[in-house]
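Engineer: Got a structure for you, questions after.
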Ligand code: GLA
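Residue numbers (the working numbering): 1040 to 1569.
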């Protein structure tokens, strides 16, 4: 009897929670429009070795120029785009202070300068901000953090949010350990912290941008899956369990994302967090059991394709050229930071090889023009002759000419190719990542056709017939595609207005909207209905 009642209660609660996101307001607060790039202390320093000395040394290393790279340029991590220095667990004292606030662990080997007299953790945020960098902090939705050494935020959300905001942190990673089991089926604890972050600035919910980049870290543990609600609450959402520095765990994370097709739910300002990098945690020694160079390139490539945050996890104060060249490969980073905000997906499988594709923003009128493809070889032997067909990225004109560039060897192939291109060899556990650009890499922009920013005003909202879409251009034709390239709807506009779009389940997710204007210009935009 009790069991039946409990099951019914759970069912009702789950159904109610499932319905919740449909009515919730999307956060979409104009922040985090590309995945954040930076570093997090956990993978290398763990609990015991995190200290202010480590954080400051890391920030200095962000600014240190490394010897010349493949382009003959001497750049720093900051030059490559990394700017967040993020503390993970174990920065705080074991107990709250007399006023119930979190406080730094001021032991000599931890954060000795973060005393109350120095403003607590503000001493550290000021130091990092003075260096022109951003700094993130870690908290936990349960009663203790995951390492257990410091208090969690449960029932103290308002106090803790105020501390994080007053100290001047730029990002909050909020974990999910030691949470009462009654909270496993909903997102309430994250809503509480989100609202507390607004309240810390005296703001009502949804009255403006969140004062801090909010990183949801509940490993897809909740029974109502994080990708169905994260965009109403935060900017980043961990998709899986924790990574560790070995091949099988890293591939396990890729596999779990494939199984859940997390790319269907990702969008600008709300990125799938595949977890921090293990690149460079060890010498690239294939006998070490840790990631070797080809495996590390796979790790970096898939994270870039997937539009995951790029958070380094190694000791950046001492790095080999090989590690530095992977994590600062600007051609790969450009895929991750692409302004369209499309999340790459595994399109198909060819033997041991996954074919991942990511649509990129294109500056001219041909909208099927720019794609990245990563061939990822899961096998322990090199894979030969893997064909990439234009249909893999939705090009309908088989004869369309594409220029191709290899983003790891930094070489452009001669001439252009039509209908397909065969990659001779993909290394064992490695990748080949290629950029495809229709028409060629030089002189492809037709003068006078640069996109007007009308795309910024395409929007979706819930309407009586399912979804309404605002199209700001008169007399245009509009096409809507799902992220896999399937056309969901098309219609013509007369005036700039909201247009009802026939209800389609998939319109609840991220869509690509193409608007063809009377002058023949094509503009595209990723949108999400909420
Ligand atoms: C959890 C998180 C990790 C890390 C640790 C710290 O396991 O998923 O990323 O923050 O807690 O204890």
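Yeah, the Cβ is synthetic: ideal placement off N, Cα and C, and Gly gets one too.
(1) Strictly by DSSP, which residues pair up with residue 1102?
(2) Please classify residue 1388 as buried or exposed, where buried requires at least 16 other C-beta atoms within 10 Å of its C-beta.
(3) Using alpha carbons as the reference points, say which of 1381, 1519, 1536 lies closest to residue 1513.
(4) Just the C-alpha distance for residue 1195 and residue 1146, rounded to the nearest angstrom, thanks.
(5) Name the one or two DSSP bridge partners that residue 1526 has.
(6) If contact is defined by three or more beta carbon pairs under 8 Å, each pair taking one atom from either stretch, is the segment 1388-1397 in contact with the segment 1151-1160?
(7) Just to confirm, is the Cβ distance from residue 1364 to residue 1125 under 8 Å?
(8) Let me check understanding here. Comparing Cα to Cα, which of 1310, 1428, 1266 lies closest to residue 1377?
(9) Please report the straight-line C-alpha distance between residue 1328 and residue 1212, rounded to a whole angstrom.
(10) Check whether the Cβ atoms of residue 1471 and residue 1552 sit closer than 8 Å, and answer yes or no.
(11) By Cβ distance below 7 Å, which residues in the same chain neighbour residue 1122 in space, the five residues on each side in sequence not counted?
(12) Between residue 1282 and residue 1315, which are expected to be in contact by the criterion C-beta below 8 Å, what is the C-beta distance as a whole number of angstroms?
(13) Is residue 1127 near ligand 1, in the sense that its beta carbon is under 7 Å from a heavy atom of that ligand?
(14) Per DSSP, what kind of secondary structure is residue 1082 in: helix, strand or coil?
(15) Pop quiz: residue 1400 and residue 1379 are said to be a contact at Cβ under 8 Å. What is the actual Cβ separation, rounded to whole angstroms?
(16) Of all the options 1477, 1427, 1421, which has the alpha carbon lying nearest to the alpha carbon of residue 1466?
(17) Using three-state DSSP, classify residue 1256 as helix, strand or coil.
(18) Please report how far the alpha carbon of residue 1358 lies from the alpha carbon of residue 1331, in whole angstroms.
(19) Kindly examine ligand 1 and report whether one of its heavy atoms sits closer than 7 Å to the Cβ of residue 1184.
(20) Enumerate in chain order the residues of its own chain whose CB-to-CB distance from residue 1449 is below 7 Å, with the five nearest sequence positions on each side excluded.
(21) If you compare alpha carbons, which of 1276, 1345, 1187, 1320 is closest to residue 1035?
Structural biologist: The relevant details are as follows:
(1) Paired residues: none, contrary to the question.
(2) Its Cβ having fewer than 16 others within 10 Å, residue 1388 is exposed.
(3) 1536
(4) 24 Å
(5) 1520
(6) no
(7) no
(8) 1310
(9) 29 Å
(10) no
(11) 1076, 1077, 1172, 1173
(12) 7 Å
(13) yes
(14) helix
(15) 4 Å
(16) 1421
(17) coil
(18) 14 Å
(19) yes
(20) 1109, 1370
(21) Residue 1035 cannot be examined here, being either before or after the span of the chain that is shown, 1040 to 1569.
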